[in-house]
Structure formats: C-alpha cells, structure tokens
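Structure first, commentary second.
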C-alpha cells in the first residue's frame, strides 16, 4: 500500500481549518456525504495541492446476509474515480436486514457460515470497485453468543480468502476491550497486519463504566498506546484522526496530529 502519512477526516465543518493546517498528509471523506459529480470546493482545493483523499463508506452493509447494493457500490466507485483515490474503505458490519435500517454499524456474527457470506459480499464489492477495498473493524455494541471466531481470526480468514485490505481502528479495539473484555493487544498480535491499509484514531467518553466512541474529543492515552503497539509490529501506510462533532480549535486538532506522530515515533524507539 502506498504511503499516506498522517491525516484527518474531512468534514464540511472543518473545511477551512484543514485548508490552513500544516502537517496534514491525507484526508478521508465519508462517501455518503459527497456527490462525485459535484465535489465540495474545499476537497477540490485540497486535491489540487496534492493531498490524497480516501472515500470511506458507512452504509454498504457488507456484513449483511443480502449482497451489497449495486447502487451503493456504484457510488463508492464514482467517488474513488472523482477523487482519484488509491483505495476505498468500508466497515465490516451490517446495517440493514429485510428492508429495515438498523441505524448502527452492527457486528457480524463471527461464524463459519457468516464468513462464507461475507467472503462472497467482499468479492462482489471488489469486482465493482476500480480500486482496492479495505475493511474496518467496528466498535461492537454487543457480541453474538454463537460466535465461533475472534474478530482477529475472522478478519484473518477473510483476508486470506479475498486479499481485502484492513483499516484498523485502534479506538474501536479499545472500545471493545473496555466494554466487552476483548484484549486489544492480543487482537493486534492475531491480525494480518501485512494487509494494513491505514489506521483510525479517535476519542470518546467513559460513562457508567461504558466507553462511548463518540469522535468528539481528544484520543485517550490508552488509544495512543495501542497505536504505538501497532506501529511496533508494522509501519502503517497511514494514520488518520477522526473528529465528527463538537469541533475544536485549529490548535487542538494540530495538537492531536502531533500526539499521533509522537505515539508512532515511540514505536520506532522500541525497535
């Protein structure tokens, strides 16, 4: 995977902030928020400066029992072409079933039967996209009782069968560790990190013993420590900060990118 650097999720509320920030190497834009034929002016400006922009889908539902929608795949493909993107990312999740929208990125049952379905869905998506696909691990709000595989095992087998890339969200690993007791470092050890496309970092809040992955505050040190652990195992092509609401000052965002770089540098000192 081509080196991306350190980036930030583009949001219309942050357009001018990102345009005047130093130290942003690449961007990610939520595919459902843009029209390929009429890209926001800010994205056109940033693309003209040479910044890579990765379309990130949130509604494909590639983990569902139904095949991914051809229309949604066509939109992702058009976004990739309009942005001259090197890849497209989506979530390993399902979001609908029987015509009902869940409104959440729901975890896939990690069974052998589910793996067969998801494998076919990934292959369909890969065939429809003009660039490689990377799948993101989600912050699970529950675990299925019939799970036969860990998330890392499921992802590893999916990668082996399809060659799909991985978008590893270390904040989601932390969320699942706090809320479901799933050891994050053990997941890093089991994931096929040689297929890593890039990494997500984000902040959230603890309330009543539950971690809420809100993307509205600075990343806790525990999430940055997981980034260091990941970087001690592999050099990530890119690391991207997500911030989705309660937008902070330019200085705070720049400080978050500096914290990310510092966490990555710590891994280099350990090698």
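In our numbering, the protein residues as written are 60 to 330. Beta carbons: idealized from backbone N, C-alpha and C, even for Gly. In this text the structure is predicted, and so the values were computed from the model without any measurement.
Beta-carbon proximity check, residue i vs residue j, cutoff 7 Å
| i | j | result |
| --- | --- | --- |
| residue 288 | residue 300 | no |
| residue 252 | residue 293 | yes |
| residue 135 | residue 116 | yes |
| residue 275 | residue 248 | no |
| residue 190 | residue 144 | yes |
| residue 215 | residue 232 | no |
| residue 278 | residue 262 | yes |
| residue 202 | residue 153 | no |
| residue 174 | residue 197 | no |
| residue 227 | residue 180 | no |
CA-to-CA distance, residue j to residue i, given in whole angstroms
| i | j | result |
| --- | --- | --- |
| residue 126 | residue 65 | 33 Å |
| residue 86 | residue 77 | 9 Å |
| residue 114 | residue 199 | 22 Å |
| residue 266 | residue 272 | 11 Å |
| residue 167 | residue 68 | 25 Å |
| residue 264 | residue 230 | 11 Å |
| residue 269 | residue 177 | 29 Å |
| residue 188 | residue 63 | 20 Å |
| residue 109 | residue 259 | 21 Å |
| residue 88 | residue 285 | 24 Å |
| residue 142 | residue 131 | 17 Å |
| residue 107 | residue 240 | 45 Å |
| residue 83 | residue 219 | 33 Å |
| residue 151 | residue 311 | 31 Å |
DSSP bridge partner residues for residue i (one or two, in chain order)
| i | result |
| --- | --- |
| residue 97 | 94 |
| residue 111 | 85 |
| residue 67 | 86, 300 |
| residue 134 | Per DSSP, none; premise fails for residue 134. |
| residue 149 | 194 |
Supposed contact pair residue j and residue i - C-beta distance, whole angstroms, cut 8 Å
| i | j | result |
| --- | --- | --- |
| residue 222 | residue 193 | Actually they are not in contact, since the Cβ atoms of residue 222 and residue 193 sit about 11 Å apart, beyond 8 Å. |
| residue 74 | residue 99 | 7 Å |
| residue 93 | residue 138 | 6 Å |
| residue 13 | residue 246 | No answer is possible for residue 13: the residues shown for the chain start at 60 and end at 330. |
| residue 195 | residue 148 | 6 Å |
Those runs of the beta strand (DSSP E) which lie wholly inside the region 152–203 and span at least 3 residues: Scanning the region 152–203 from its first residue to its last, the whole beta strand (DSSP E) runs of 3-plus residues come out as 153–156, 159–165, 192–195.
Just to confirm the assignment: which complete alpha helix (DSSP H) runs, minimum length 4, are found wholly within the region 223–267? Runs of the alpha helix (DSSP H) lying entirely within the region 223–267, each at least 4 residues long, are 229–239, 243–249 in chain order.
What residue ranges within the region 261–330 form continuous beta strand (DSSP E) runs of no fewer than 3 residues, ordered along the chain? Complete beta strand (DSSP E) runs here, min 3: 264–266, 269–271, 297–300.
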